[in-house]
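S.K.: Using the working numbering, read the sequence shown as starting at 44 and increasing by one per residue. Idealized CB from N, CA, C, for every residue including glycine. Since this is a predicted model, take the numbers as computed values, not measurements.
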Amino acid sequence: MKCIIVEDQPPAQRLLKRYVEDIGSLELVAVFPDALQAMEFLKTEKVDVLLLDIHLPKLSGIEFLKVLAHPPQVVLTTAFPDYALESYDLDVVDYLLKPISFQRFVKAVAKLKTADSSARVGELVKPQPAEDFIFIKSGHALLKVVIQQIRYIKADGDYTEIHLPGKMHLSPEPLRFWLDKLTAHNFHQVHKSYLLNATHLEKIVGGKAYLDRGIVLPIGRAYKSSFLDSFISD
């Protein structure tokens with residue numbers, strides 16, 4: 044589906060562009076710094092999705108929506124929660140609070156409808172290739188590990204600890220490597236030093252995540268919001 048971004052802040056533009064590139068079902072056709080330019084574009088061009096900031100120069104995102112006769116599907120973005128109620132009166136698909144995590148962006152995209160209104164875009168999100176197992180470097184050997192047996196991964200100096208039931212493997216790869224490799228397998232970063240496999244998550248209480256087998260991991264304040272957004276439905 045074709046989409047445009049209307050956002051006046053370059054850092055937010057870059058973030059949304061990167062997120063759109065990572066979603067196989069969206070095609071970015073233009074980026075505009077204000078609503079007036081976007082309005083001129085929409086007079087002659089048709090798009091399916093509008094990623095729209097609320098606080099814009101000249102004309103706010105809310106005002107822009109009110110003057111569009113036939114708006115596309117709209118996902119609003121803003122740093123302020125005050126407009127949530129008004130935005131849903133305008134029949135927007137979702138309302139994203141900045142800073143926007145990729146998991147929350149994917150959740151919003153999953154609510155979009157395809158052209159025939161019969162399928163969800165979430166079915167078209169391009170996943171990482173699914174694998175049942177990975178190989179972990181250990182000295183001169185490569186150890187085969189079943190992904191879903193991994194409970195969590197912990198950063199430990201120059202190594203990462205891969206924790207499985209009854210055993211642990213050391214890997215020379217950094218935590219970021221494992222996050223990139225395992226996000227499609229329901230792994231989430233919950234702390235600067237921890238990734239957890241949400242398949243084994245039993246409950247979240249305060250700043251702690253409880254996994255099966257009695258495992259308790261800390262949830263860092265910087266990660267808590269995006270982590271919870273991955274599981275809490277609107």
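1. Since residue 261 sits in a beta bridge, which residues does DSSP pair it with?
2. In the DSSP assignment, what residue or residues form a beta bridge with residue 204?
3. Rounded to whole angstroms, what's the CA-CA distance from residue 148 to residue 248? Just pull it up for me.
4. Spatial neighbours of residue 117 within its chain, please: C-beta separation below 7 Å, excluding the five flanking residues on both sides.
5. Check whether the segment 59-66 and the segment 82-90 touch, using three or more Cβ-Cβ pairs below 8 Å as the test.
6. If we ignore side chains and look at the alpha-carbon of each, how far apart do residue 261 and residue 76 end up?
7. Taking only three categories from DSSP, how would you classify residue 69?
8. Whole angstroms is fine: what's the gap from residue 216's alpha carbon to residue 179's?
9. Would you say residue 74 and residue 105 are within 9 Å of each other, going by their C-beta atoms?
10. Who are the near neighbours of residue 211 in its chain, counting only those whose CB is closer than 7 Å to its CB and skipping five residues on each side?
11. I need the straight-line Cα distance from residue 151 to residue 54, nearest angstrom please.
12. Count the other CB atoms within 10 Å of the CB of residue 230; is the residue buried (16 or more) or exposed (fewer)?
13. How would you call residue 175, buried or exposed, if buried means at least 16 neighbouring beta carbons within 10 angstroms?
14. Between the Cα of residue 182 and the Cα atoms of 209, 190, 154, 213, which residue gives the shortest distance?
15. Grab me the residues of residue 51's own chain with a C-beta within less than 7 Å of its C-beta, minus the 5 sequence neighbours each way, in chain order.
16. I'd like the list of long-range same chain contacts for residue 198, defined as Cβ closer than 6 Å, with 5 residues on each side in sequence excluded.
17. What three-state label does DSSP hand residue 50 in the structure shown?
18. To test your reading of the DSSP string, which unbroken beta strand (DSSP E) runs of 3 or more residues are found completely within the segment 69-139?
M.R.: Let me spell this out:
1. Residue 261 is bridged to 251.
2. According to DSSP, residue pairing for residue 204 in a beta bridge involves 197, 213.
3. Those two C-alpha atoms are separated by around 24 Å.
4. Contacts found: 93, 95, 108, 135, 136.
5. Fewer than three beta-carbon pairs drawn from the segment 59-66 and the segment 82-90 are found closer than 8 Å, and the two stretches are therefore not classed as touching.
6. Straight through space, the alpha carbons of residue 76 and residue 261 are spaced by roughly 40 Å.
7. Coil.
8. Spanning the two alpha carbons is a distance of roughly 9 Å.
9. No, they are not a contact pair.
10. Apart from sequence neighbours up to five positions away, the residues of its chain that approach residue 211 with a beta-carbon distance below 7 Å are 204, 205, ordered along the chain.
11. So the two alpha carbons sit approximately 20 Å from each other.
12. Buried.
13. Residue 175 counts as exposed, since fewer than 16 other beta carbons sit within 10 angstroms of its beta carbon.
14. It is 213 whose Cα lies nearest to the Cα of residue 182.
15. Taken in chain order, the residues that qualify are 76, 77, 96, 99, 100.
16. Correct list, in chain order: 218, 236.
17. Note: residue 50 maps to coil in three-state DSSP.
18. Complete beta strand (DSSP E) runs here, min 3: 70-75, 92-96, 116-121.
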